[in-house]
Every structure is written in C-alpha cells, then in structure tokens.
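Take a look at the structure below.
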Amino acid sequence: MAGKKVVIATNNAHKLEEISRILAPVTGWEFVSLKSCGTYPEPVEDADDFEGNARIKAIAARDNTGLPALADDSGLEVDALDGAPGVFSSRFAGEGASDADNNAKLLELLADTPFDERTARFVCTLVFVDLDGSEIVARGTCEGKIGYEERGENGFGYDPLFVSDVCDGLTTAEVPPERKDAISHRGEALRQFIREFEHINES
1 MAGKKVVIAT NNAHKLEEIS RILAPVTGWE FVSLKSCGTY PEPVEDADDF
51 EGNARIKAIA ARDNTGLPAL ADDSGLEVDA LDGAPGVFSS RFAGEGASDA
101 DNNAKLLELL ADTPFDERTA RFVCTLVFVD LDGSEIVARG TCEGKIGYEE
151 RGENGFGYDP LFVSDVCDGL TTAEVPPERK DAISHRGEAL RQFIREFEHI
201 NES
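Residue 52 in this note's numbering sits at position 52 of the sequence shown, with consecutive numbering throughout.
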C-alpha cells in the first residue's frame, strides 16, 4: 500500500495539512488535495451518522478522481439533547448558519441544564476507500461539557463552548493549538487509523 497517491476529500486546508502530516510518514502515501483533482458536484451527505457521511464523501472523491480517497466527518454530540446536533453540527441553526448562530442555539437549548448534565463530546470518523473497495475506518472522540458562554480565540465552531475533561476548565478555544491537536477527536481518529493501517500491513 506504500507509495500510492491518495486524495483527501476536503477543502479545509487545516484538515488537509494535519491529516497529511500525521499519516504520510506512517503510510508512505502521497496525499493530494481535492482542489488539485478538479471539481465535481458535491455529494449529498444524508447519512444518519458520521461514518456514513464520511463514506459518502470518500466514495464520491474516489469515483470522481480515480484515486483512493480519505474523508472525515465530525461534529458535536450533547447528551442532554439526545446526541444533537450530531451530523447537523454545521447547520444546527439552519442552512448557512454561522458558528455564532449555532453556538447561540446550543446555549439557548441548554439554558436550564446544570453543568454536570451538560456532558458532550466531539466526534470524528475517518473513512478510507481504496480502488478495490476495501476500507479503513477509524473513530475518535474528545469528552467534555458545554460551558455557559463563549471563551477563547484559538478555535472555531463549538470550540469556545466546549470544556474538555482534560484541559483544567479551559475551552478548546482557550488552549494552545498544539495542545488542542494532542487531545482532539481528529487526533485520536488519526492515531486509531494508524493502528488499523499497521494491523492490516502486519497481517
């Protein structure tokens, strides 16, 4: 599997850099951006879980570029809201909602919820699909609670509200980027991906 060219199915430059930096030395793959492979209609992400949506994106990228593809899907699950916003994390307050809109809706829904019941987690699922249909799937989580107000400038999305269990009461927007990478849901998913990759290559 070493030496192959793999497209990362994202237009997010941060995700592209992080995934390539962590996986390339281990897999020996050459990662290329979706942008460098031309454009195609965005697939409809209509699965009911993160893995399903990641698989939809990976298969669309593979089928439209002719390359093996790796995609991720991620979001926030809040226990008091029965797992919402989940796969609707980026559009929790409606299509085209901003981070501020989504955070405001989350705070409104949790207004009467005590802190110890505001448990939540960030979730990231990675799906790699090869040309022969084989897959590698990995999942990572970051556990914490939802705070009462936005704090911090280092993050995006729900980071200013998410108080990680391992960050001494700080939100993930208040910790340095290198600390966030070490405890993030995507970082954990990437580490699991490496374990799965190494297991396959040892078999």
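Even for Gly, the Cβ is constructed at its ideal location relative to N, Cα and C.
- Glutamate 17 is classed as exposed because its beta carbon has fewer than 16 other beta carbons within 10 Å across all chains shown.
- With contacts defined as CB atoms closer than 8 Å, lysine 145 and valine 166 fail to qualify as a contacting pair.
- Beyond the five residues adjoining it in sequence on each side, glycine 83 comes within less than 6 Å, by CB distance, of Glu77 in the same chain, given in chain order.
- Scanning Tyr148, Phe128, His14, Glu188 for the CA closest to the CA of leucine 106 turns up Tyr148.
- The C-beta distance from aspartate 159 to threonine 172 rounds to 4 Å, short enough to fall under 8 Å.
- DSSP places lysine 180 in no beta strand (DSSP E) but in the uninterrupted alpha helix (DSSP H) bounded by 177-183.
- The segment 62-70 and the segment 33-43 touch, with three or more beta-carbon pairs separated by less than 8 Å.
- The beta carbon of glutamate 188 sits closer than 6 Å to the beta carbons of Gly140 from its chain, once the five residues preceding and following it are set aside; these are given in chain order.
- When secondary structure is reduced to three states using DSSP, lysine 15 falls in the helix class.
- For isoleucine 136, DSSP records a beta bridge to Phe128.
- Valine 32 is not a Cβ neighbour of lysine 57, given a cutoff of 8 Å.
- If you look at lysine 5, you'll find it in the beta strand (DSSP E) that goes 5-8.
- Inclusion of phenylalanine 50 and valine 123 in the CB contact set at 8 Å is warranted, their separation being smaller than that value.
- Here valine 44 is exposed, its C-beta having fewer than 16 other C-beta atoms within 10 Å.
- In the DSSP assignment, aspartate 72 falls outside any alpha helix (DSSP H) and within the unbroken beta strand (DSSP E) covering 69-78.
- Setting aside the 5 residues that flank it on each side, aspartate 99 is surrounded in the same chain by Phe156, Gly157, each with a C-beta closer than 7 Å to its C-beta; the list follows chain order.
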